Each structure stands twice: as structure tokens, then as C-alpha cells.
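Start counting the sequence shown at 9; every next residue gets the next number (this note's numbering).
Only one structure is covered here, and it is reproduced in the block below.
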Amino acid sequence: MHRVPLQWEENEGPGGIEIEAPVEGFEAGETYEILLTLRRPGMALSGFQVTARSDDGGSQAGGLHASPAEDGRVTVSTDQGIEYGYQVGSGSQPSSDGVSQWTLLWTAPADASANVVFNAAANAADGDDTAEGDEIYTASVTVAPAQH
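What follows is the structure, encoded as C-alpha cells:
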């Protein structure tokens, strides 16, 4: 069997993903909403994956949880000690024309001594069951512990 490597350039085309996180600073053990917004004209289906990792080694930082308001749309699973938030079920349907939004809850680490990096990747798909015409977008936001 001959395999062809998939060549994909992310962040091309009209659109993008935004991460809203507590950029003013976070308090140890407090819970915050994390909002992901994917925009792309003509998007028929969408998906995402997000992590919260410490910037001093990449370990899991705090805890991600599906918001109760996102029941049946968003879930979180763990792989090799890292939590991944992602869409499920109706979460792949755009929220409005050309826009998909997902909300997760993030509980800050009990030891708020390191910055936390939220990394997200999203797929804005045209719904034709091929990769042709789909776009991949990535974003990253770093948040710091609150300064007192």
C-alpha cells in the first residue's frame, strides 16, 4: 500500500478560532469559563480540541470540564495525563451562520505559580465528507496567575 502524507496548512482561508480565557490573571482553584469561537463563511460542520497546559513543562494545568449548558455538545477526556476538550454530537453543528461556539469550564491549578497555555485547533468543514474545502485553524493564549 502506498501512503501519501497529508499536507495541511493551518490558519489559511477566511476565518479563524479565538479563545476567551482569564487573561487578566487567574486565582488558584477558581473556576472560569473558556469560550472558543470558530468563524468561517459557509461552514457546514465544525469541530475543535483544546488543552490547558503549564508553560513550565507542558503538564496538565488545572482541570477542564464540559459546561452543563453544553450537555451533548462538548466533552472532556484524558490521554496520557492531559485533558482534551472537544465537540461531540450536536456540537459539530454551527451555532449560527458561519460561527460555532463552545464553552468549557476550567478550574485553575491549586498551585498558581506557573503560566497556563490554552492551545486550540478547530476544523471548519464544508460538509461534503472530503478534506477538500475544509480549513484547520489554531490558536494559543497564555494566562498568568493573578498578581496581588
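Built from N, CA and C at the ideal position, the CB exists for glycine as well.
Keep in mind it's a predicted model, so treat the numbers as computed, not measured.
For R81, no beta strand (DSSP E) run applies, since DSSP gives it neither H nor E. About 5 angstroms separates the CB atoms of G97 and G80; that is less than 8 angstroms, so the two are in contact.
In the DSSP secondary-structure assignment, R61 is bridged to Q68 and V125.
When DSSP states are grouped into helix, strand and coil, A74 belongs to the strand group. For the 9 angstroms CB-CB criterion, G55 and L72 do not form a contact. Beta bridge pairing from DSSP links V149 with F126. Residue pairing for A132: DSSP places it in a beta bridge opposite S54 and E143. For G97, the three-state secondary structure derived from DSSP is helix. Taking a contact to require three or more Cβ pairs closer than 8 angstroms, the segment 26-40 and the segment 142-155 qualify as touching.
Distance between Q109 and P117, taken at the CA atoms: about 25 angstroms.
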